[in-house]
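Worksheet: one structure, shown below.
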Amino acid sequence: MTHSQAKASCFVVTSIWVGTCYGMSISQKKISLSENAFRQMHPSRVFAEKNLGLLRSRGYEDATGLHGASDDSCETIERISRKDHLSEAYQMGQYLFGTVATLLFLIPDRTMTKRLASKLAGVAGFGTAAGTCHILACANEHNRLGSDTYKRLNIGLFGFSMIGLASIPGEAGFCRSAGAAMIFSSFMGIVRLFATVVSFMGWKRGIDQRDGMNLVTSKMTNELWKGTKRTFEGLKVQHKKKALTYRNSLILVLFGVFSSFMEGLFKLRYRKALRLSWFDVSLQWSAIARLFLISTMIYSLKDAAERDRLTGSTFIELNILVGCWALLVAMGQSIWQINFVASRGVEFFAFSMPFFIKAIKSVNERNSHARISPTSK
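In this note's numbering, the protein residues as written are 15 to 391.
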């Protein structure tokens, strides 16, 4: 297979990925339309649920019920406005990450070597970050950022963006001219900085929704410590055998994070002795950022499998995103200069398959439940 044919194959995979993400967006819009119809049919119930959620988020609920519910309308409007602004910020991050992924895929590769796998892995990483922003935007619209799943995704997006800031020029080094590389690297840095701020705001919003507390340094440290402790405790499969696949995949990714981190330190320390450019070192740290985000996504899937929640739309989308990431990396590793050797990327091909299978099974299970539920009533 020629290089042009291999690149065309990668373009097909990327097109499928873009279509999948677009389908996710359409499905979420359909859900929102159905919820709007429900609001029009049952305005009193929805109004009561909104008030109940608002009072709970402000800490007005105790063992006996609700009390002290003297809402200030200005504060209510301010809370709704802040929520809308955060959703818009997530959507902006989705578009920015998608733009970076598209531009990175389209720019000509000046190296024409095995680094092409790093380029396509970068495309997959930014595409995965765009999908994560889409999921978090939908979660914020439904006041779900306080869930552990979305707090993990916010931390993953924060780590992806923060670690990525240190990977300069990163994938922008594939540009053929120094000027284009500088401009593209600056744009990537701005996008990552924006995502860092937005993900931190989303994580803070999640803590506020869950505990109704003011965020200070001690509270942040306590939350991070508890979250880290729960994460290590959750590595053990306790109830569901279906979580074994995710646990094993997570261990592989965590080993990849550790080995990539140590290799990145080694290259940074002995860069001159090894005659490595900053381009080579930055690609290593960009890979660490991607694996950090992927690890939080897989852990969320493992936790959902333990709770038998894989039929939720969020977890179906996470399965698809992780599977597409691994598939595109496999395509990149299979390209060796002008030849296409599938055996070089067989491990990532194998890694992606369980996630696609889980997504298909979850969709079928949810559809079967939807067909059964009307008759059971």
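Where a beta carbon is used, it is the ideal one built from N, C-alpha and C, also for glycine. Because the structure is a prediction, the values reported are computed rather than measured.
Buried or exposed by the 16-neighbour rule on C-beta atoms within 10 Å, applied to residue i
i      : result
Glu185 : buried
Lys255 : exposed
Tyr260 : buried
Asn378 : exposed
Gly346 : buried
Ala192 : exposed
Asn333 : buried
Asn154 : buried
Leu120 : exposed
Ser296 : buried
Ala384 : exposed
Met311 : buried
His156 : exposed
Glu331 : buried
Arg304 : buried
Arg2   : Here the chain has residues from 15 to 391 only, and residue 2 is not among them.
Leu266 : exposed
Ile221 : buried
Phe272 : exposed
Ser382 : exposed
Where residue i sits in the DSSP three-state scheme
i      : result
Lys255 : coil
Ile121 : coil
Cys1   : Absent from the structure is residue 1, since the part of the chain shown begins at 15 and ends at 391.
Ala183 : A quick correction: the sequence has Pro, not Ala, at residue 183. Of the three classes helix, strand and coil, the one that applies to Pro183 here is coil, per DSSP.
Ile371 : helix
Leu324 : coil
Arg190 : coil
Leu266 : helix
Asn157 : coil
Met15  : Legend: pLDDT at Met15 = 42, less than 50; position of this residue unreliable, value from coordinates given subsequently. It is coil, neither helix nor strand.
Residue range of the unbroken alpha helix (DSSP H) whose run includes residue i
i      : result
Phe172 : Asp162 to Leu179
Gly359 : No alpha helix (DSSP H) holds Gly359; DSSP gives it neither H nor E.
Thr328 : Ser327 to Ser348
Rounded straight-line distance, which links the Cα of residue j to that of residue i
i      : j      : result
Asn172 : Ile182 : It should be pointed out that residue 172 corresponds to Phe in this sequence rather than to Asn. If you take the alpha carbons of Phe172 and Ile182, they lie about 17 Å apart.
Arg158 : Phe208 : 22 Å
Val212 : Ile169 : 11 Å
Trp217 : Gly278 : 28 Å
Ala257 : Ala194 : 45 Å
Ala344 : Ser366 : 9 Å
Met176 : Lys375 : 35 Å
Arg219 : Gly270 : 31 Å
Thr5   : Leu307 : Residue 5 falls outside the range modelled here, since the chain spans only 15 to 391, and no answer is possible.
Gly12  : Phe280 : Shown here, the chain extends from 15 to 391; a query on residue 12 therefore has no answer.
Thr210 : Leu268 : 22 Å
Phe363 : Ala131 : 14 Å
Gly82  : Asp98  : Its pLDDT being 38, under 50, Gly82 is placed unreliably in this model, and the value from its coordinates should be taken loosely. Gly82 and Asp98: Cα-Cα distance of roughly 26 Å.
Phe275 : Ala180 : 13 Å
Leu150 : Val336 : 16 Å
Asp322 : Arg380 : 12 Å
Ser101 : Ala373 : 26 Å
Phe214 : Ser309 : 18 Å
Phe293 : Tyr104 : 29 Å
Leu167 : Cys152 : 13 Å
Glu361 : Thr113 : 29 Å
Pro368 : Ser348 : 20 Å
Asn262 : Tyr313 : 10 Å
Leu342 : Arg283 : 31 Å
Cys338 : Phe140 : 12 Å
Met15  : Ala340 : Confidence at Met15 is low in this model, with a pLDDT of 42, below 50, so the placement of that residue is unreliable and no value is reported for it.
Thr116 : Gly178 : 18 Å
Ser199 : Gly359 : 28 Å
Residue i Cβ short of 8 Å to the ligand HEM heavy atom set
i      : result
Val267 : The model depicted lacks the ligand HEM and carries no ligand whatsoever.
query: Are the segment 160–172 and the segment 310–321 in contact at 8 Å, needing three or more beta carbon pairs?
result: Note that the segment 160–172 touches the segment 310–321; at least 3 beta-carbon pairs, one per stretch, sit closer than 8 Å.
- request: May I ask you to verify whether the segment 139–150 touches the segment 108–124, counting CB pairs closer than 8 Å and requiring at least 3?
  value: Between the segment 139–150 and the segment 108–124, the count of Cβ pairs shorter than 8 Å is three or higher; the stretches touch.
| Do the segment 130–140 and the segment 295–307 make contact, defined as three or more Cβ pairs closer than 8 Å? | With a cut-off of 8 Å on Cβ pairs, the segment 130–140 is in contact with the segment 295–307, counting three or more such pairs.
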